[in-house]
Amino acid sequence: MCGISPHLTTTPIFLRFPVLGAMCEASAMTGDSDFRIRPGRIRSTRAQQARPFIAQALAAAKKAGAGVSRSGRIVSGNRSRFGRGQRASIQANRLLTARTRGAVIKARVVRQTSRSAPLATHLNYLRREGVTRDGEKAHLFGPGGDDADPKAFAERCQDDRHHFRFIVSPDDAPDMADLRSFTRDLVTQMEKDLDTRLDWVAVDHWNTEHPHVHLIVRGVRDDGQDLVISRDYIKEGMRDRARDLITQELGPRTDLDIQRSLKRQVDAERFTQLDRQLIRDGHATGVIETAIDPNVRLDEFHALKVGRLRKLETLGLAEQVGPGQWAIDTKAEATLRELGERGDIIKRMHRALTDRGIERGSAGYVLAAESLDAPVIGRLVDRGLDDELKGSAYAVVDGVDGRTHHIKLPDLEAAGDSAAGSIVELRAFDDAQGQRRVAIAVRSDLDIDRQVTATGATWLDRQNIAREPAALSEAGFGAEVRQALDRRADHLVGQGFGERHGQRVTFNRGLIDTLRRRELEAAGEKLSAETGQPFNRAGSGEYVAGTYRQRLALASGRFAMLDDGLGFQLVPWSPSLEKHLGKHVSGVARDDGGIDWSFGRKRGLGL
Numbered sequence: 001m002c003g004i005s006p007h008l009t010t011t012p013i014f015l016r017f018p019v020l021g022a023m024c025e026a027s028a029m030t031g032d033s034d035f036r037i038r039p040g041r042i043r044s045t046r047a048q049q050a051r052p053f054i055a056q057a058l059a060a061a062k063k064a065g066a067g068v069s070r071s072g073r074i075v076s077g078n079r080s081r082f083g084r085g086q087r088a089s090i091q092a093n094r095l096l097t098a099r100t101r102g103a104v105i106k107a108r109v110v111r112q113t114s115r116s117a118p119l120a121t122h123l124n125y126l127r128r129e130g131v132t133r134d135g136e137k138a139h140l141f142g143p144g145g146d147d148a149d150p151k152a153f154a155e156r157c158q159d160d161r162h163h164f165r166f167i168v169s170p171d172d173a174p175d176m177a178d179l180r181s182f183t184r185d186l187v188t189q190m191e192k193d194l195d196t197r198l199d200w201v202a203v204d205h206w207n208t209e210h211p212h213v214h215l216i217v218r219g220v221r222d223d224g225q226d227l228v229i230s231r232d233y234i235k236e237g238m239r240d241r242a243r244d245l246i247t248q249e250l251g252p253r254t255d256l257d258i259q260r261s262l263k264r265q266v267d268a269e270r271f272t273q274l275d276r277q278l279i280r281d282g283h284a285t286g287v288i289e290t291a292i293d294p295n296v297r298l299d300e301f302h303a304l305k306v307g308r309l310r311k312l313e314t315l316g317l318a319e320q321v322g323p324g325q326w327a328i329d330t331k332a333e334a335t336l337r338e339l340g341e342r343g344d345i346i347k348r349m350h351r352a353l354t355d356r357g358i359e360r361g362s363a364g365y366v367l368a369a370e371s372l373d374a375p376v377i378g379r380l381v382d383r384g385l386d387d388e389l390k391g392s393a394y395a396v397v398d399g400v401d402g403r404t405h406h407i408k409l410p411d412l413e414a415a416g417d418s419a420a421g422s423i424v425e426l427r428a429f430d431d432a433q434g435q436r437r438v439a440i441a442v443r444s445d446l447d448i449d450r451q452v453t454a455t456g457a458t459w460l461d462r463q464n465i466a467r468e469p470a471a472l473s474e475a476g477f478g479a480e481v482r483q484a485l486d487r488r489a490d491h492l493v494g495q496g497f498g499e500r501h502g503q504r505v506t507f508n509r510g511l512i513d514t515l516r517r518r519e520l521e522a523a524g525e526k527l528s529a530e531t532g533q534p535f536n537r538a539g540s541g542e543y544v545a546g547t548y549r550q551r552l553a554l555a556s557g558r559f560a561m562l563d564d565g566l567g568f569q570l571v572p573w574s575p576s577l578e579k580h581l582g583k584h585v586s587g588v589a590r591d592d593g594g595i596d597w598s599f600g601r602k603r604g605l606g607l
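Note that UniProt numbering numbers the sequence shown so that position 489 is 489, with each residue one more than the last.
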């Protein structure tokens, strides 16, 4: 067995150590026991002597061009041979040392289909308020300046097969002079590596714990052909180029930098570099040796590794199986990544509530409200992209049930477009393929304080007269709604729309219709004065038609302004209208207040 005495163990070594078994197979000739032995100089260094034999075997296999699978088998070291940047990936890796600065790059190739969200929508979101270093609205930058035109870039990408989305996050971004100059240098290097000029735009974000750059690159080469980038370059080469550029600017990491970085990882409840190294340490046998051998040079990170193992033990992810011997749970990585995601969600919820001046205890956080069967109704606190590459979204809702809900959504469209403070409800439904989907439905664009004295029919009014109103908690937003309902009732009684009998209020019949008509009349008169056009009222069963000019967010709901050239009408708005802004639409007003819309030959139902 590869020159190892069979008397040392009763169990074949290739069964206990699959890596060695693979090496023995690779060493054998055509016969069952024929080997070619090549004597050479004994030249082991002190560092090699200090390393376990298994570690030396893995290093030798890697140097020979092979790799090692998670099961311990030696596998082919062949790299990707498809796409541009293969050679550059290898060259970039050779520049790195243990002291090279770190960076994380996430990448996604987006194929542009009719189902995919428009690139323009993504670019608009990246330029939103509050993401810059000074909290202002962001601007796209490109190779030629700091004010790239998002509309022009989206139009250039319109007929492309695909485009690339990258998130570039230097570990030491706060210490760098200018992320924009760094990005331009990185793209210039990419152009050399990929042997083509690139059409790109980017934006730097400073609104998270880790400042980063969003880089969008067209999937077209300078000769007009599709740009195909090697998987290795996307996964490693681009990151290694970024790390080298950061190191050139800030200098190599010092011993103190490395120690500080690793110390922060000891108690982290997420998957870390220390975890990755510990898994490697125990990869061959499943056991991590931490006992100190006076004859072997001590690992400089030994104390940090032991500290991390003890932290994993408290999490139930590691156990001491013998003196100085540890085993890590096989599900540790997945569990730590899940813990990290939970931690990120909790931080996001806390930050959103704090920014709005809302105090809520973390004990009332619901981290996956999208999976609840009960309806979620409340005040929208925040929304945004959950995964900025995939385009999935999230919303944070301060619920009337007294809890704060984090909701994951398929995209920004499902998150709605109402402002923070609006009243929303999580809706679950089955799509055309029968798949369960969730989306945020807007119940009122007005916050509850504005609803108290509003002219129209508010969400509070509907709750006051509903047979089965939303269940309100005694604390949190539920308590705020209770107070607002009482104040709204007093306001309506004062205007003659109801009577109070002790703690009970009786409202006039037809309250909702009366308030709605009153608000529409006022809005119509105001628009008529602004436009000089007459306001034409639409009745039930009437045919409505005209050019869709704008959407109005009233207390009674959302309404669309239709201009027929002789005047205008205000009719209930529906999401299907938004794609036809500035175009001619028509429909029939229903008895329930909705509209049956028809767009050309296509006919759809309004809300």
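From the three backbone atoms N, C-alpha and C, an ideal C-beta is built for every residue, glycine too.
Among the options, nearest to residue i - alpha-carbon criterion
{"i": "V366", "options": "K408, A522, A454", "result": "K408"}
{"i": "A107", "options": "K390, R487, I440, E300", "result": "K390"}
{"i": "V505", "options": "N207, I167, N464, L274", "result": "N464"}
{"i": "Y394", "options": "D386, V400, D401", "result": "D386"}
{"i": "R133", "options": "R310, A419, M176", "result": "M176"}
{"i": "G251", "options": "A120, L96, L119", "result": "L96"}
{"i": "D199", "options": "Q495, D223, G399", "result": "D223"}
{"i": "Y543", "options": "A303, T354, L562", "result": "L562"}
{"i": "A92", "options": "D232, Q503, T531", "result": "D232"}
{"i": "T335", "options": "A303, D275, V228", "result": "D275"}
{"i": "S576", "options": "R487, R551, D172, E341", "result": "R551"}
{"i": "A545", "options": "H580, S528, K526", "result": "H580"}
{"i": "L426", "options": "R467, A368, D449, R462", "result": "A368"}
One or two residues paired with residue i in a DSSP bridge
{"i": "W326", "result": "I288, Q320"}
{"i": "Y394", "result": "G384, K408"}
{"i": "I448", "result": "Looking at the DSSP assignment, I448 forms no beta bridge with any residue, so it has no partner."}
{"i": "D293", "result": "For D293, which the question treats as bridged, DSSP gives no partner whatsoever."}
{"i": "A553", "result": "R558"}
{"i": "G402", "result": "The partner list for G402 (beta bridge, DSSP) is empty, contrary to what the question assumes."}
{"i": "D185", "result": "Note: D185 sits in no beta bridge, so no partner."}
{"i": "A545", "result": "S586"}
{"i": "L492", "result": "In the DSSP output, where bridge partners are listed per residue, L492 has none listed."}
{"i": "L426", "result": "V376, I440"}
{"i": "D204", "result": "V213"}
{"i": "R111", "result": "H162"}
Residue i and residue j closer than 8 Å at C-beta
{"i": "W597", "j": "G587", "result": "yes"}
{"i": "D570", "j": "G524", "result": "Note that residue 570 is Leu in the sequence shown here, rather than Asp. A contact, by the Cβ cut-off of 8 Å."}
{"i": "T290", "j": "K305", "result": "yes"}
{"i": "F507", "j": "D398", "result": "no"}
{"i": "residue 620", "j": "L309", "result": "Any question about residue 620 goes unanswered here, given that the chain covers just 1 to 607."}
{"i": "V381", "j": "A352", "result": "yes"}
{"i": "T491", "j": "T453", "result": "In the sequence under discussion, the amino acid at residue 491 is His, which differs from the Thr named in the question. Closer than 8 Å, so yes."}
{"i": "F535", "j": "G565", "result": "no"}
{"i": "N207", "j": "V296", "result": "no"}
Cut-off 7 Å between Cβ atoms - residues of its own chain near residue i, not counting five sequence neighbours on either side
{"i": "W459", "result": "I423, R443, S444, Q451"}
{"i": "D592", "result": "none"}
{"i": "L554", "result": "G456, E519, A523"}
{"i": "V109", "result": "H162, F164"}
{"i": "P6", "result": "Any reading at P6 is ruled out, since the residue's pLDDT is 41, under 50, leaving its predicted position unreliable."}
{"i": "A64", "result": "Only weak support is given to the placement of A64: the predicted model assigns it a pLDDT of 45, under 50, and the question is left unresolved by the model."}
{"i": "A88", "result": "D193, Y233, G237"}
{"i": "D171", "result": "R101, G102, A103"}
Expected contact under 8 Å - CB spacing of residue i and residue j to nearest Å
{"i": "R156", "j": "H139", "result": "Contact flag wrong, Cβ pair sits at about 18 Å."}
{"i": "S169", "j": "H214", "result": "So it is not a contact: roughly 10 Å between Cβ atoms."}
{"i": "L317", "j": "D329", "result": "5 Å"}
{"i": "I234", "j": "L194", "result": "Not really, about 11 Å apart at Cβ, beyond 8 Å."}
{"i": "H584", "j": "T547", "result": "5 Å"}
Cβ neighbours of residue i in the same chain (closer than 8 Å, five flanking residues each side left out)
{"i": "P572", "result": "G557, R558, F559, A560, G593, G594, I595, G606, L607"}
{"i": "G343", "result": "E269, R270"}
{"i": "F497", "result": "F507, N508, L511, T514, L515"}
{"i": "V396", "result": "R348, M349, A352, L353, L380, V381, D382, R383, T404, H405, H406, I407"}
{"i": "R243", "result": "L96, T100, R101, G102, A103"}
{"i": "A419", "result": "L380, D445"}
Close beta carbons around residue i, own chain, < 6 Å, minus the five adjacent residues each side
{"i": "V400", "result": "I377, G378, A470, L472, F477, G478, V481"}
{"i": "L119", "result": "A154, C157"}
{"i": "A332", "result": "L317"}
{"i": "R337", "result": "F271"}
{"i": "G282", "result": "I288"}
{"i": "Q533", "result": "G567, F568"}
Check: residue i C-beta below 7 Å from any heavy atom of the ligand GTP
{"i": "G144", "result": "The ligand content of the structure shown is nil, which means the ligand GTP is not present either."}
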